[in-house]
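2 protein chains.
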Amino acid sequence: MPQSKNMSPIVLTIAGTDSSGGAGIQADLKTFAAHGCYGASVVAALTAQNTTGVQDVLPVPAAFVQKQMDSVFDDLEVKAIKTGMLFDASITKGVVESLKTRFTDKGVAQPPLICDPVCVSTSGHTLLQEHALEEMTSGLFPLATLITPNKSEAELLLKYSGTTMEITSLEDMLTSAEKLLSLGSKAVLVKGGHLESTMDDVTRIWEAHPEIRAIKQGLFDDNMEILLVGHPKYRTGPLVVDVLFSQGGEKVVLTRPKINSSSTHGTGCTLSSAIASELARGASLTDAVECATAYTHRGILAAEAIGSMLTLHLTTIYIPLADYTTRRSSTDPYPFTRMLIARTSQIWKQYVEHEFVKQLGKGVLNRTNFIYFIKQDYLYLKYYARAYGLLAAKSATFPEIQSATETILNVLHEIGNHTDYCAKFGISKQELESTPEATSTTAYGAYLIDVGLQGDVAKLVMAAMACLLGYGEVGLWLKKESQRPNSWVVMEGNPYKQWMDEYSGEMYQNAVRTGLETIEKLAAADPPSLVRFEEWRTVWERCTRLEKGFWDAAMNLN
Amino acid sequence: MPQSKNMSPIVLTIAGTDSSGGAGIQADLKTFAAHGCYGASVVAALTAQNTTGVQDVLPVPAAFVQKQMDSVFDDLEVKAIKTGMLFDASITKGVVESLKTRFTDKGVAQPPLICDPVCVSTSGHTLLQEHALEEMTSGLFPLATLITPNKSEAELLLKYSGTTMEITSLEDMLTSAEKLLSLGSKAVLVKGGHLESTMDDVTRIWEAHPEIRAIKQGLFDDNMEILLVGHPKYRTGPLVVDVLFSQGGEKVVLTRPKINSSSTHGTGCTLSSAIASELARGASLTDAVECATAYTHRGILAAEAIGSMLTLHLTTIYIPLADYTTRRSSTDPYPFTRMLIARTSQIWKQYVEHEFVKQLGKGVLNRTNFIYFIKQDYLYLKYYARAYGLLAAKSATFPEIQSATETILNVLHEIGNHTDYCAKFGISKQELESTPEATSTTAYGAYLIDVGLQGDVAKLVMAAMACLLGYGEVGLWLKKESQRPNSWVVMEGNPYKQWMDEYSGEMYQNAVRTGLETIEKLAAADPPSLVRFEEWRTVWERCTRLEKGFWDAAMNLN
Chain A
1 MPQSKNMSPI VLTIAGTDSS GGAGIQADLK TFAAHGCYGA SVVAALTAQN
51 TTGVQDVLPV PAAFVQKQMD SVFDDLEVKA IKTGMLFDAS ITKGVVESLK
101 TRFTDKGVAQ PPLICDPVCV STSGHTLLQE HALEEMTSGL FPLATLITPN
151 KSEAELLLKY SGTTMEITSL EDMLTSAEKL LSLGSKAVLV KGGHLESTMD
201 DVTRIWEAHP EIRAIKQGLF DDNMEILLVG HPKYRTGPLV VDVLFSQGGE
251 KVVLTRPKIN SSSTHGTGCT LSSAIASELA RGASLTDAVE CATAYTHRGI
301 LAAEAIGSML TLHLTTIYIP LADYTTRRSS TDPYPFTRML IARTSQIWKQ
351 YVEHEFVKQL GKGVLNRTNF IYFIKQDYLY LKYYARAYGL LAAKSATFPE
401 IQSATETILN VLHEIGNHTD YCAKFGISKQ ELESTPEATS TTAYGAYLID
451 VGLQGDVAKL VMAAMACLLG YGEVGLWLKK ESQRPNSWVV MEGNPYKQWM
501 DEYSGEMYQN AVRTGLETIE KLAAADPPSL VRFEEWRTVW ERCTRLEKGF
551 WDAAMNLN
Chain B
1 MPQSKNMSPI VLTIAGTDSS GGAGIQADLK TFAAHGCYGA SVVAALTAQN
51 TTGVQDVLPV PAAFVQKQMD SVFDDLEVKA IKTGMLFDAS ITKGVVESLK
101 TRFTDKGVAQ PPLICDPVCV STSGHTLLQE HALEEMTSGL FPLATLITPN
151 KSEAELLLKY SGTTMEITSL EDMLTSAEKL LSLGSKAVLV KGGHLESTMD
201 DVTRIWEAHP EIRAIKQGLF DDNMEILLVG HPKYRTGPLV VDVLFSQGGE
251 KVVLTRPKIN SSSTHGTGCT LSSAIASELA RGASLTDAVE CATAYTHRGI
301 LAAEAIGSML TLHLTTIYIP LADYTTRRSS TDPYPFTRML IARTSQIWKQ
351 YVEHEFVKQL GKGVLNRTNF IYFIKQDYLY LKYYARAYGL LAAKSATFPE
401 IQSATETILN VLHEIGNHTD YCAKFGISKQ ELESTPEATS TTAYGAYLID
451 VGLQGDVAKL VMAAMACLLG YGEVGLWLKK ESQRPNSWVV MEGNPYKQWM
501 DEYSGEMYQN AVRTGLETIE KLAAADPPSL VRFEEWRTVW ERCTRLEKGF
551 WDAAMNLN
């Protein structure tokens, strides 16, 4: 038997075909490929189909479906299985029998099985005859690791098993997931793509059910205020919510922005295939669902961005994975910066919400600590300005040279503020200049210069932007917190108000937006490989850590 | 009708399925995807199949094949079509009728059609019933842009049309291509994968038929001696030869190294799909065949390199295109360097076979010109050594720092040779040191330092390697030419023999091999995107041009 050693894991789809290539086993094979998996396929039914609908269906005799399964299982080491359109009772029964004979009856472990209970096409064509529901629920579900019904499939399955309900709210989704779980699969994912929810709905659910784990996908992570400036609808826009319940008792709700897109033909096939691929690669079920929903979401986004009238599959497979992270869209304007922040979220949060920042916001920070910080920041800015000089020297075009040079002028303006503060606190320009440089200042400053010497423009930009955007985020975090009712942030009479105003103010935030454009354009011009992305992320993380170290030093004076 | 504006061109396959995913429409869809095309598919027959053979075939009723074709053509703008396994006469007839009704009969231009006349599986299963041959040759071939038979398919088609012959030589392939062309397709590609040829066979054909265009793929290009050192079998090893004849009178023979691989299941499907994809993207037929044969060749190489027992498709789709160029194999030990040279071949040849080099080889080069060159080369080497100092400064690991430093020591040894020459020609160390630097020297030297300052390690390595490897190639070219009977290269009494010996000698060639390893490892560690590859190639080309400029200057003294 061919081994999967040194090669891609094998995933099997048992489903119908789509002659137009956007759904069915064609979508499955493309999804497996995009996940680095090798696809095998058993055809359960043929369709004459295109983007306008399903013109005809030709079921494959159950015996030939079983023959194909034999050919695959006799030879290939299948790591995961997904089933899609099985069309009628005899095919469904044949699939169940073949799986039982080969695995359960022999006491051999069955590969994880994702059952996408495809019943009706978007265009209204029946893809599962009603008398097949018995085979599916009592035969296939008990073999399944996960079933993935959408709203109408969930309603149909519930009706068949004796519960008539319409799913119209998040509460209904939770109820339906609970009931569907009793049909025997190890887990249920009720997909909410056909519903529309809001952050208020989600918050209500989370508050009422503390046992439910929340997975937020997209712009809803913490400390991404800089990405939301000027885009208020990202905070309040409609959401898609999926509900994942398992026999083990795990309850998860996944949320992400809803995309108004017509590129959703084949979405269900893609999602279940992506889950199967992730499982084949060794992921846990929750991780697999989280990655697969994000993958499908990006696919729809990418299709939308290209303006395709066809399906998400026109784009998903042809765009290298790295490219997703650089494809800007109406619901994800800064995808690359978002990923940098998301992939360094722990240290980023420690930095943004640092004790120094909190005391500053409360107005209780010791003057000594602030003066220490301002003096060191003044010295640091000399390195920072020099780094932009190095960036100008490394640039290939006049606009790049101009942009680097303008930043140096901005820094010269910023040090004006520093001398102002110091004057206020009775510190002369001369004293400021003669301040001994702290180790944390040298570390951060010299690191900037070293990155600039060692790497290319991209690496230096990552370092400089981590610094620029970080202060922007701190400024906006304090501002956002100050606007809460009974906020802990004090503005009136706060000796550090000018500092807070500066970094949340228009001028600095304009520089932040220019910085965001710089990062996104740089990443989009040549989407980095995983190796290169990791190099960039490492620089970003290192700078964030050095920023934090800067404030640690300012807090721990003796 | 969905437009192909802003999106991938649509390619349609009409063929059988392969449940194990290595051949048939599964291989076709993977190949379309790898070429950035969107795949639509019409299933003509189902197989229960795996890597050990075809267990069963279920033909699809001709009427349902036609229904699928209607669904596709009614909705999608198909840019190219390929047909594979059509199994029986009624299906073949149905496909011909549908194409005629939709295109020819209506006076609408038919998309290019590649007909892969699949007849028998590798394992011996009949994939085209004999009574279907009439429909195929008289119905489908006249609609085809190209037919792509292998040895046994060509023999079967010829036998059916009245010529019994066994194809055992290149001459037989030419004859069979001529005869098959008379069956009505616009062109014929007779595939030689089941034959084995040698460079002698190919040379014999080219000498006897000057009208035949030669396309050499792989290591057979000019000025790649450095890549062949220590690998004599690449010069004499077995070759695969394909023959392409068209009604327009074009005759092409394509050669490339034969790979001993078991990963050839699905090769034919892949090749015809790759040709269709290239045509859909706008390539000419010859270019399409050249790219597609190279693509399939790389796929087999990659499969072999991974050690897969399965088919080339386990690997082709999952490896980004850039990765192919970095995947070393037994028949392609330096794929990345080979591509750098191949993509800069014109300037590379002008440099390696420069008039300066030729006069030096003949021993007729004016002493003044040589002395000028040696003095300037001496000055250049100072920049070159400094560039490695910069490389050490930019390095991230001790071995990288060591390697850069050792090169500086090698350069210091090389300048010893320069002072020796000069002493021989009566030039003192002092005179050498005080030589004014020529513009061509400053241009090349300062360019090295600038690349080192501006870019990352990879860019600097490209610049340094272009110089190191270029002299190695010049040395080997002169050596190779000197070994021809009645060579124009003079060794006895040639005043420049020491120079020639040095660059073709063991010590310098060892440095060349270390350099080759450096490039290949660097490229393989993080295969570059197309954008990045183009940046690297530009540096390589610029250095080669500056090297040539160096010799131009030495030849054009006043």
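Line by line, the protein sequences give chains A and B. The first sequence begins at 1 in the UniProt record's numbering and counts up by one. The second sequence begins at 1 in the UniProt record's numbering and counts up by one. Every residue, glycine too, gets a C-beta built ideally from N, C-alpha and C.
{"Item": "So, for residue 8 of chain A: in the same chain, excluding its five sequence neighbours on each side, which residues have a beta-carbon less than 7 Å away from its beta-carbon?", "Value": "36, 37 and 38"}
{"Item": "Taking C-alpha atoms, which residue in A:216, A:353 and A:180 lies nearest to residue 239 of chain A?", "Value": "A:216"}
{"Item": "Among B:548, B:457, B:225 and B:485, which residue has its Cα nearest to the Cα of residue 440 of chain B?", "Value": "B:548"}
{"Item": "Measure how close the beta-carbons of residue 86 of chain A and residue 44 of chain A come, nearest whole angstrom, since I'm counting them as under 8 Å.", "Value": "5 Å"}
{"Item": "If we count the other Cβ atoms within 10 Å of its Cβ and call it buried at 16 or more, is residue 108 of chain B buried or exposed?", "Value": "exposed"}
{"Item": "Please compile the residues from chain A whose C-beta is within a distance smaller than 9 Å of the C-beta of residue 80 of chain B.", "Value": "In chain order: nothing, as chain A lies at least about 14 Å away."}
{"Item": "Hey, residue 546 of chain B and residue 383 of chain B are a contact pair by Cβ (cut 8 Å); roughly how many whole angstroms apart?", "Value": "Going by Cβ atoms, the distance from residue 546 of chain B to residue 383 of chain B rounds to 11 Å, so no, they are not a contact pair."}
{"Item": "I'd like to know if residue 546 of chain B contacts chain A, where contact means its C-beta is closer than 9 Å to some C-beta of that chain.", "Value": "no"}
{"Item": "Going along the chain, which unbroken runs of the alpha helix (DSSP H) with 4 or more residues stay wholly within the stretch 63-121 of chain B?", "Value": "89-102"}
{"Item": "Determine whether the beta carbon atoms of residue 20 of chain B and residue 66 of chain B lie at a separation below 9 Å.", "Value": "no"}
{"Item": "Quick one: using the 10 Å Cβ neighbour count with 16 as the cut-off for buried, is residue 265 of chain A buried or exposed?", "Value": "buried"}
{"Item": "Under a Cβ-count criterion, where at least 16 other Cβ atoms within 10 Å of its own Cβ denotes burial, should residue 356 of chain A be classed as buried or exposed?", "Value": "buried"}
{"Item": "Looking at the secondary structure, which residues open and close the alpha helix (DSSP H) in which residue 177 of chain B lies?", "Value": "170-181"}
{"Item": "From residue 166 of chain A to residue 191 of chain A, what does the alpha carbon distance come to, in whole angstroms?", "Value": "14 Å"}
{"Item": "According to the neighbour-count rule (16 or more other Cβ atoms, all chains shown, within 10 Å of its Cβ), is residue 512 of chain B buried or exposed?", "Value": "buried"}
{"Item": "Give the secondary structure of residue 557 of chain B by DSSP, where H, G and I count as helix, E and B as strand, and everything else as coil.", "Value": "coil"}
{"Item": "For residue 49 of chain B, does the three-state DSSP call read helix, strand or coil?", "Value": "strand"}
{"Item": "In chain order, what residues of the same chain lie with their CB nearer than 6 Å to the CB of residue 145 of chain A, ignoring the 5 residues before and after it?", "Value": "112, 113 and 186"}
{"Item": "Buried or exposed: where does residue 200 of chain A fall if 16 or more other Cβ atoms within 10 Å of its Cβ makes it buried?", "Value": "exposed"}
{"Item": "Locate the beta strand (DSSP E) running through residue 213 of chain B, then write down its first and last residues.", "Value": "213-216"}
{"Item": "Would you kindly check if the distance between the Cβ of residue 84 of chain B and the Cβ of residue 138 of chain B is under 9 Å?", "Value": "no"}
{"Item": "Can you tell me whether residue 539 of chain A is buried or exposed? The criterion is at least 16 other CB atoms within 10 Å of its CB, across all chains shown.", "Value": "buried"}
{"Item": "By the 9 Å beta-carbon criterion, what residues does the stretch 36-51 of chain B contribute toward chain A?", "Value": "36, 37, 38, 39, 40, 41, 42, 43, 46, 47, 48, 49, 50 and 51"}
{"Item": "What are the boundary residues of the alpha helix (DSSP H) that residue 36 of chain A is part of?", "Value": "No alpha helix (DSSP H) contains residue 36 of chain A, which DSSP labels as neither H nor E."}
{"Item": "Output, in chain order, the set of chain B residues within a Cβ distance shorter than 9 Å of residue 521 of chain A.", "Value": "Within 9 Å Cβ-Cβ: nothing; residue 521 of chain A doesn't reach chain B, min ~13 Å."}
{"Item": "Please return the same chain residues whose Cβ sits closer than 6 Å to the Cβ of residue 556 of chain A, not counting the five positions on each side in sequence.", "Value": "none"}
{"Item": "Are the Cβ atoms of residue 500 of chain A and residue 482 of chain A separated by less than 9 Å?", "Value": "yes"}
{"Item": "By Cβ distance below 8 Å, which residues in the same chain neighbour residue 328 of chain A in space, the five residues on each side in sequence not counted?", "Value": "305, 334, 335, 520 and 524"}
{"Item": "My output table needs one value for residue 276 of chain B: the three-state DSSP class, helix, strand or coil.", "Value": "helix"}
{"Item": "Is it true that the stretch 485-495 of chain A meets the stretch 361-380 of chain A, where meeting means three or more beta-carbon pairs spaced less than 8 Å apart?", "Value": "yes"}
{"Item": "Under 9 Å, do residue 147 of chain A and residue 116 of chain A count as touching if we go by C-beta distance?", "Value": "yes"}
{"Item": "Output the distance between the C-alpha atoms of residue 480 of chain A and residue 157 of chain A, rounded to the nearest integer angstrom.", "Value": "46 Å"}
{"Item": "Residues of chain B with CB under 8 Å from residue 235 of chain A, in chain order?", "Value": "Per Cβ cutoff of 8 Å: no residues; residue 235 of chain A is ~31 Å from chain B at best."}
{"Item": "Nearest-angstrom Cα distance between residue 174 of chain B and residue 338 of chain B?", "Value": "30 Å"}
{"Item": "In whole angstroms, what separates the C-alpha of residue 154 of chain B from that of residue 95 of chain B?", "Value": "22 Å"}
{"Item": "Compare the C-beta of residue 550 of chain A against all C-beta atoms of chain B and say whether one is closer than 9 Å.", "Value": "no"}
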